[in-house]
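Working notes, beginning with the structure itself.
Protein chains: 4
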Amino acid sequence: MKLKTLRDAVCEANLELERRRIVVHTWGNVSAIDRERGLVVIKPSGVSYDRLTPDKMVVVDLEGTVVEGDLNPSTDTRTHLVLYRAFPAIGGVAHTHSGHAVAWAQARREIPCFGTTHADYCHGPVPLTAPLSAAEVASDYEAETGLAIVRRFGNEDPLARPMVLVAGHGPFTWGKSAADAVLNAVFLEEIARIASATIAIDPAAQPVEDHVLEYHYQRKHGPGAWYGQKTS
Amino acid sequence: MKLKTLRDAVCEANLELERRRIVVHTWGNVSAIDRERGLVVIKPSGVSYDRLTPDKMVVVDLEGTVVEGDLNPSTDTRTHLVLYRAFPAIGGVAHTHSGHAVAWAQARREIPCFGTTHADYCHGPVPLTAPLSAAEVASDYEAETGLAIVRRFGNEDPLARPMVLVAGHGPFTWGKSAADAVLNAVFLEEIARIASATIAIDPAAQPVEDHVLEYHYQRKHGPGAWYGQKTS
Amino acid sequence: MKLKTLRDAVCEANLELERRRIVVHTWGNVSAIDRERGLVVIKPSGVSYDRLTPDKMVVVDLEGTVVEGDLNPSTDTRTHLVLYRAFPAIGGVAHTHSGHAVAWAQARREIPCFGTTHADYCHGPVPLTAPLSAAEVASDYEAETGLAIVRRFGNEDPLARPMVLVAGHGPFTWGKSAADAVLNAVFLEEIARIASATIAIDPAAQPVEDHVLEYHYQRKHGPGAWYGQKTS
Amino acid sequence: MKLKTLRDAVCEANLELERRRIVVHTWGNVSAIDRERGLVVIKPSGVSYDRLTPDKMVVVDLEGTVVEGDLNPSTDTRTHLVLYRAFPAIGGVAHTHSGHAVAWAQARREIPCFGTTHADYCHGPVPLTAPLSAAEVASDYEAETGLAIVRRFGNEDPLARPMVLVAGHGPFTWGKSAADAVLNAVFLEEIARIASATIAIDPAAQPVEDHVLEYHYQRKHGPGAWYGQKTS
Chain A
1 MKLKTLRDAV CEANLELERR RIVVHTWGNV SAIDRERGLV VIKPSGVSYD RLTPDKMVVV
61 DLEGTVVEGD LNPSTDTRTH LVLYRAFPAI GGVAHTHSGH AVAWAQARRE IPCFGTTHAD
121 YCHGPVPLTA PLSAAEVASD YEAETGLAIV RRFGNEDPLA RPMVLVAGHG PFTWGKSAAD
181 AVLNAVFLEE IARIASATIA IDPAAQPVED HVLEYHYQRK HGPGAWYGQK TS
Chain B
1 MKLKTLRDAV CEANLELERR RIVVHTWGNV SAIDRERGLV VIKPSGVSYD RLTPDKMVVV
61 DLEGTVVEGD LNPSTDTRTH LVLYRAFPAI GGVAHTHSGH AVAWAQARRE IPCFGTTHAD
121 YCHGPVPLTA PLSAAEVASD YEAETGLAIV RRFGNEDPLA RPMVLVAGHG PFTWGKSAAD
181 AVLNAVFLEE IARIASATIA IDPAAQPVED HVLEYHYQRK HGPGAWYGQK TS
Chain C
1 MKLKTLRDAV CEANLELERR RIVVHTWGNV SAIDRERGLV VIKPSGVSYD RLTPDKMVVV
61 DLEGTVVEGD LNPSTDTRTH LVLYRAFPAI GGVAHTHSGH AVAWAQARRE IPCFGTTHAD
121 YCHGPVPLTA PLSAAEVASD YEAETGLAIV RRFGNEDPLA RPMVLVAGHG PFTWGKSAAD
181 AVLNAVFLEE IARIASATIA IDPAAQPVED HVLEYHYQRK HGPGAWYGQK TS
Chain D
1 MKLKTLRDAV CEANLELERR RIVVHTWGNV SAIDRERGLV VIKPSGVSYD RLTPDKMVVV
61 DLEGTVVEGD LNPSTDTRTH LVLYRAFPAI GGVAHTHSGH AVAWAQARRE IPCFGTTHAD
121 YCHGPVPLTA PLSAAEVASD YEAETGLAIV RRFGNEDPLA RPMVLVAGHG PFTWGKSAAD
181 AVLNAVFLEE IARIASATIA IDPAAQPVED HVLEYHYQRK HGPGAWYGQK TS
């Protein structure tokens, strides 16, 4: 994929965040990686969505050095880079402050898998990171945020649960592309909204049975997935 | 009704789901049946709403064999088929993951009939299915989902309560046509939303009096219904 | 005011209900009265908002006899007529199933006056009617609904609290015109929504101080009201 | 800045309130100050947003005397003036009845700083004023509302927390310009909405750690802030 195509895709993915109404103001950022060249394309910092164009996207290498672009990259860039380095299978990352996902992150609760809407996209509870210490914040807050996510996943396949809640902060999601990362951000917000509505009806609501969770997840993502159309 | 007309109606009903904002992404599907020929027209699996056209609708017989169409039918097709076989009076079926209805399904509570808004469309609480066993999920999950719905209704007229919550999953609704099924999906989501708001004000809220429930339901659906305009 | 002008105003007021997004489907109706002739113009029953035109409005006398129009008047017409007969100062009536107002009506709680947003439009709690008996429902449900509202107000000026919750059903609002009645329906829904959010934060929240309630209400509606522009 | 430019900016800022959907009807007002001339431009009282034009804005001096304009200024004008006199660093003030902020004001709770979304814009809890006495309401309610805000801030920098909840009433926000004041009104409503969702998940949710709050606030507003683009 050419870098120009990736700029287009990342710009479009950022705009999609706003069209889906899960960002307020400039509160979100999406990136994608060109694995061959080791370059990441990301939204510039603090630019409103109505002024975003592909040529404003910033290109950085995996150490964070700006390679192309006149604007500053998103302040969250180092978090994205840590994720790309630790999770070789992912191609795009999204960060938002979508309200219901943030509420679970602020309440510091993993989102239990209450039903099939959740199981269709996330193989178990939505994970939550451990809080950052004062020392971690002081040394390199953005990188440490990424490292806290990576520690939370350990050896787990990050595409089985392509989403995380950073404690006291908000969600990061990812996927094979920038567009996938944005879709997962949209799905996480909806999963979080419905989970909140569920515990409002019954605070003791229980997760869905494992055999249902497993069936729904495999139907969409397993080796013999039969949801959707064959694309090959 | 010609099959082409049915394709148009089913496509339109699926699009209406999105216009009413009760689906996110591709999370919903609507079908209709041609009772004379025993053919069901249904949305293809995993296709976005902005690309849906009548010619993409899939035609299957009551055993699920694709009769017309190049795309895979919705993964929930076998659930629809079970409903058509068991409920001869229905002409359309809709399935969504609309948030408030899903929340009651996940909390595994029937929605009490708290007032006239509910009574106007559903003759009593919105029913809830029993959970599926691991064996049922393993044998034929989609058909077993339909059978769980059918068991829940027993000998009841399915048009008196044209809606159900599948435990841990979400709502199915139906009606005399695809358009009616979608309207009932919209009404159920609104009924569920208002019921959640009601128990947030008073967790011990009581159902509306039977004589009011009965009056409102009969006013719209009884033998001498006088709501609306005479259409004959 | 000519009857044609009143038809236009009533049609427009009904459409405004939908533009303000406080009705779903056909769940609302607005009327206005020509006091000189004793004629009431009201929405036809069960007609969608996208097909409403002034010539479809139905004209009835104060006994409910259709004087002009080919369609059936709203099934709630007799409730409107009781209000016009009992409250000579009102010129328009609106009925909706707006979700938050319905939730309070279903929870059968008056909405306490928690703050100035409420006090600006309603001089004290939003009143709630007593439930209807089976005998009342059996004799003339729609008229009895109106009578329950009238009994709730007694000798009170109905324009000081131009809104009511019918227990287990939903809101009726009124005003000097159909447009005013609709505005009060919009305000009631917002007042109800914010009241629900208030008790979610503190279930023991207290009403605003009387001196603030009184000041805000008088600022907008008292004899020397100074809100807005002089219209004379 | 010419007065005409300020009229344009204030009109635009008022319209932005409605575009962001945080006002219902005419329930909001924004002003800005020309510090050199000591003149304040403010929305007229009770005029709908669809009829607002720059020439309808009212110009008053810091004592509240109308200097230009045929319409009455907002009834809340004296509150704005007290804020401009007490807080020399601010250039614009906004007042809304946005629902979630009003709910916290009605519940009379400061909004705890539960996470980074909040910390990015407000350096600690959103403050709440003390209630007004009957004597204060009787003497000069609007000015006393401003004075209650000023007392709540004491010697604190009003730009560190550019927002306040007036008990039993609703939010006032401010900033360097009318546009900034409106953005802060939008942010406060979102912060309030997410805080309500947070305590719905865990009523005992705790504020974010001080070191995270401090880092996020300084990243956007500290002397060496590095969020966004250099604008010099």
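Protein chains in written order, with full-length UniProt numbering: chain A, 1 to 232; chain B, 1 to 232; chain C, 1 to 232; chain D, 1 to 232.
Using N, Cα and C, we set each Cβ at its ideal position, and we do this for glycine too.
These figures come from a predicted structure and were not determined experimentally.
When you compare the CB positions of A:V58 and A:G46, do they come within less than 8 Å of one another, or not?
Along the first sequence, one-based indexing puts residue 58 of chain A at 58. Along the first sequence, one-based indexing puts residue 46 of chain A at 46. Not closer than 8 Å, so no.
Work out the CA separation of D:W174 and D:D180 for me, nearest whole Å.
Stepping through the fourth sequence from its first residue, residue 180 of chain D is reached at position 180. Stepping through the fourth sequence from its first residue, residue 174 of chain D is reached at position 174. Using only the alpha carbons, I get a separation of about 7 Å.
Tell me the rounded alpha-carbon separation between residue 235 of chain A and D:G64.
Nothing about residue 235 of chain A can be read from this structure; chain A reaches only from 1 to 232.
Measuring CB atoms only, is the region 90-110 of chain A touching the region 84-92 of chain B, in the sense that at least three cross pairs come out at less than 8 Å?
no
Bridge partners of B:G175, per DSSP?
Locating residue 175 of chain B in the second sequence gives position 175, where the first residue counts as 1. Answer is B:G92.
Taking A:A13 as the reference, give the member of A:V40, A:V182 and A:D202 with the closest Cα.
Locating residue 13 of chain A in the first sequence gives position 13, counting from the first residue. Of the candidates A:V40, A:V182 and A:D202, the one whose C-alpha sits nearest the C-alpha of A:A13 is A:V182.
Leaving aside the five residues before and after C:V120 along the sequence, list all residues of the same chain whose C-beta is less than 6 Å from its C-beta, in chain order.
Sequence index remark: in the third sequence, residue 120 of chain C carries index 120 (1-based). Checking the sequence, you will find Asp at residue 120 of chain C rather than Val. Around C:D120: H216 and K220.
Determine the extent of the beta strand (DSSP E) in which C:E68 is found, giving its start and end residues.
What you label residue 68 of chain C is simply residue 68 of the third sequence in a count that begins at 1. Unbroken beta strand (DSSP E) run through C:E68: V66 to E68.
Residues of chain A with CB closer than 7 Å to the CB of D:H211, please, in chain order.
Along the fourth sequence, read from residue 1 onward, the residue named residue 211 of chain D stands at position 211. Within 7 Å Cβ-Cβ: A134 and V137.
Considering only the alpha carbon of each residue, which of A:S133, A:Y49 and A:V10 lies closest to A:I22?
The count along the first sequence starts at 1 and reaches residue 22 of chain A at position 22. If we check each option's Cα against that of A:I22, A:Y49 comes out closest.
Continuous alpha helix (DSSP H) stretch holding A:A105: start and end:
Taking the first residue of the first sequence as 1, we reach residue 105 of chain A at position 105. A:A105 -> alpha helix (DSSP H) spans G99 to A107.
Have a look at A:A200 and D:A197 and give me their C-alpha separation to the nearest angstrom.
Within the first sequence, residue 200 of chain A is the residue found at index 200, counting from 1. Within the fourth sequence, residue 197 of chain D is the residue found at index 197, counting from 1. Using only the alpha carbons, I get a separation of about 10 Å.
So that I know if they touch, is there some Cβ in chain A lying closer than 8 Å to that of D:W104?
Position 104 of the fourth sequence, counting from 1, holds the residue named residue 104 of chain D. Chain A contact via Cβ: absent.
Backbone secondary structure at B:S133 - three-state DSSP:
Along the second sequence, one-based indexing puts residue 133 of chain B at 133. In this structure, B:S133 counts as coil in the three-state DSSP scheme.
Is there a Cβ from chain D that is less than 8 Å from the Cβ of C:R78?
The residue labelled residue 78 of chain C in the question sits at position 78 within the third sequence. With 8 Å as the cut-off, C:R78 does not count as an interface residue toward chain D.
Using a 10 Å radius around the Cβ and a threshold of 16 neighbouring Cβ atoms, would you call B:P73 buried or exposed?
Walking along the second sequence from the start, residue 73 of chain B turns up at place 73. The residue is buried, with at least 16 neighbouring Cβ atoms inside 10 Å.
C-alpha gap between D:P131 and C:L17, whole angstroms
Residue mapping note: residue 131 of chain D aligns to position 131 of the fourth sequence, counting from 1. Residue mapping note: residue 17 of chain C aligns to position 17 of the third sequence, counting from 1. Approximately 36 Å between the Cα atoms of the pair.
Does chain C have any CB closer than 8 Å to the CB of D:S196?
Counting from one through the fourth sequence, the residue named residue 196 of chain D turns up at place 196. Answer yes: the Cβ-Cβ gap between D:S196 and chain C drops below 8 Å somewhere.
Which two residues bound the contiguous alpha helix (DSSP H) that contains D:V10?
As a working mapping, residue 10 of chain D is identified with position 10 in the fourth sequence. Its alpha helix (DSSP H) spans residues L3 to R19.
Chain D beta carbons: is any one of them nearer than 8 Å to that of A:A107?
Within the first sequence, numbered from 1, the residue matching residue 107 of chain A stands at position 107. Taking Cβ atoms only, chain D reaches closer than 8 Å to A:A107, which makes this a yes.
Less than 8 Å between the beta carbons of A:M163 and A:C113, yes or no?
By 1-based counting over the first sequence, the position of residue 163 of chain A is 163. By 1-based counting over the first sequence, the position of residue 113 of chain A is 113. No, they are not a contact pair.
Roughly how many angstroms lie between the CA atoms of D:V10 and D:A204, to the nearest whole one?
Within the fourth sequence, residue 10 of chain D is the residue found at index 10, counting from 1. Within the fourth sequence, residue 204 of chain D is the residue found at index 204, counting from 1. If I take the Cα positions, the gap works out to 41 Å.
Can you tell me which of the three DSSP states residue 277 of chain C falls into?
There is no way to answer for residue 277 of chain C, as the model of chain C reaches only from 1 to 232.
Identity of the residue in B:D55, B:F172, B:R7 and B:L52 nearest B:V40 by Cα
By one-based count along the second sequence, residue 40 of chain B stands at place 40. Ranking B:D55, B:F172, B:R7 and B:L52 by Cα distance to B:V40 puts B:R7 first.
By the three-class DSSP mapping on this structure, what secondary structure does C:S232 have?
Within the third sequence, numbered from 1, the residue matching residue 232 of chain C stands at position 232. For C:S232, the predicted structure reports a pLDDT of 45, less than 50, and the residue's modelled location is therefore unreliable. A value from the coordinates is still provided. Coil, per DSSP.
To be precise: take each residue of the region 49-68 of chain B, compare its Cβ to all Cβ atoms of chain C, and keep it if any distance is under 9 Å. Which residues remain?
none
Which bits of chain C does D:A200 rub up against, with CB to CB less than 7 Å?
Within the fourth sequence, the letter at position 200 stands for residue 200 of chain D. Simply A200.
Tell me whether the beta-carbon of B:W104 lies closer than 8 Å to the beta-carbon of B:A32.
Mapped onto the second sequence, residue 104 of chain B falls at position 104. Mapped onto the second sequence, residue 32 of chain B falls at position 32. Going by C-beta atoms, B:W104 is not nearer than 8 Å to B:A32.
D:V186 CB to nearest chain E CB: under 8 Å?
The structure shown contains no chain E; its protein chains are A, B, C and D.
Exposed or buried, what is B:R19 when buried is set at 16 or more other beta-carbons lying within 10 Å of its beta-carbon?
One-based indexing of the second sequence puts residue 19 of chain B at position 19. Per the 10 Å Cβ criterion, exposed.
Compare the C-beta of B:A205 with all C-beta atoms of chain C and state if any pair is closer than 8 Å.
Locating residue 205 of chain B in the second sequence gives position 205, counting from the first residue. Yes - at least one Cβ of chain C is within 8 Å of the one on B:A205.
Contact check, D:Q229 vs A:L71 under 8 Å by CB: the rounded distance?
For the purposes of this step, residue 229 of chain D is taken as the residue at position 229 of the fourth sequence. For the purposes of this step, residue 71 of chain A is taken as the residue at position 71 of the first sequence. Yes, D:Q229 and A:L71 are in contact; Cβ-Cβ is about 6 Å, under 8 Å.
Would you please verify whether the beta carbon of C:H25 is less than 8 Å from any beta carbon of chain B?
As a working mapping, residue 25 of chain C is identified with position 25 in the third sequence. Closer than 8 Å: yes.
What does B:G99 reach in chain A if we use C-beta pairs closer than 9 Å?
As a position in the second sequence, residue 99 of chain B is number 99, starting the count at 1. Those are T117, E190, R193, I194 and A197, listed as they occur along chain A.
So, are the CB atoms of A:L3 and A:D34 less than 8 Å apart?
Locating residue 3 of chain A in the first sequence gives position 3, counting from the first residue. Locating residue 34 of chain A in the first sequence gives position 34, counting from the first residue. Against a cut-off of 8 Å, the Cβ pair of A:D34 and A:L3 comes out as a contact.
Would you tell me roughly how many angstroms separate the C-alpha atoms of D:S133 and D:V30, rounded to the nearest one?
What you label residue 133 of chain D is simply residue 133 of the fourth sequence in a count that begins at 1. What you label residue 30 of chain D is simply residue 30 of the fourth sequence in a count that begins at 1. Roughly 26 Å between the two C-alpha positions.
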